[in-house]
Amino acid sequence: MELVGRSRRTSPLGRCVVCGASTCATYADVALCLADATAHGERVIAYHDTLDRFWRLVGAGASADPSECRATERELARLMDDVGERLATRLRHGWARAYSERTAICPLCGERGPYHEPAVNRE
Ligand SMILES: [Zn+2]
Ligand SMILES: [Zn+2]
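Taking my numbering, I'd label the letters of the sequence shown as residues 1 to 123.
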């Protein structure tokens with residue numbers, strides 16, 4: 001099975017980002033159970049990819065293209081509606097943390113160093 005061109009990979013047992021069920025399937029690093037991959041997979045992966053692009057623009061700071069920033073923000077707002085705000089927010093918090101671990105760049109301010117995670121995000 002493929003989702004938005006990402007083939008399904010088998011990974012160590014993880015948790016579906018939508019419902020928390022155990023799953024071994026990841027699509028572009030997003031763990032999804034089969035039911036949620038079918039129901040929400042395209043939207044969730046598009047949201048993941050767009051957030052990733054947005055954080056890279058934040059990280060680029062002044063050298064980022066302003067029109068690309070605006071377009072990416074619009075796209076994010078649209079995808080957040082598609083995914084549903086509650087799920088989108090929960091996904092964003094987890095992915096922001098993973099992004100900062102992967103890149104050592106804070107996704108909020110784009111600076112090198114720790115993620116300035118807002119206290120309200122912590123579960
Ligand atoms: Zn699921
Ligand atoms: Zn920061």
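Glycine included, each C-beta is placed from N, C-alpha and C at the ideal position.
Computed from a predicted model, the values in this text were never measured in an experiment.
In the DSSP annotation of this structure, the continuous segment of the alpha helix (DSSP H) that includes G94 starts and ends at 85 to 103. Those residues having their beta-carbon less than 5 Å away from any non-hydrogen atom of ligand 1 are, in chain order, C16, V18, C19, A21, C33, D36. Judged by DSSP secondary structure, A60 falls outside any beta strand (DSSP E) and instead within the alpha helix (DSSP H) spanning 34 to 60. In the DSSP annotation of this structure, G113 is not part of any beta strand (DSSP E), being labelled neither H nor E. Remark: the C-beta of L108 is in contact range of ligand 2, defined as less than 8 Å to any heavy atom.
For A21, there is no enclosing beta strand (DSSP E), as DSSP marks it with neither H nor E.
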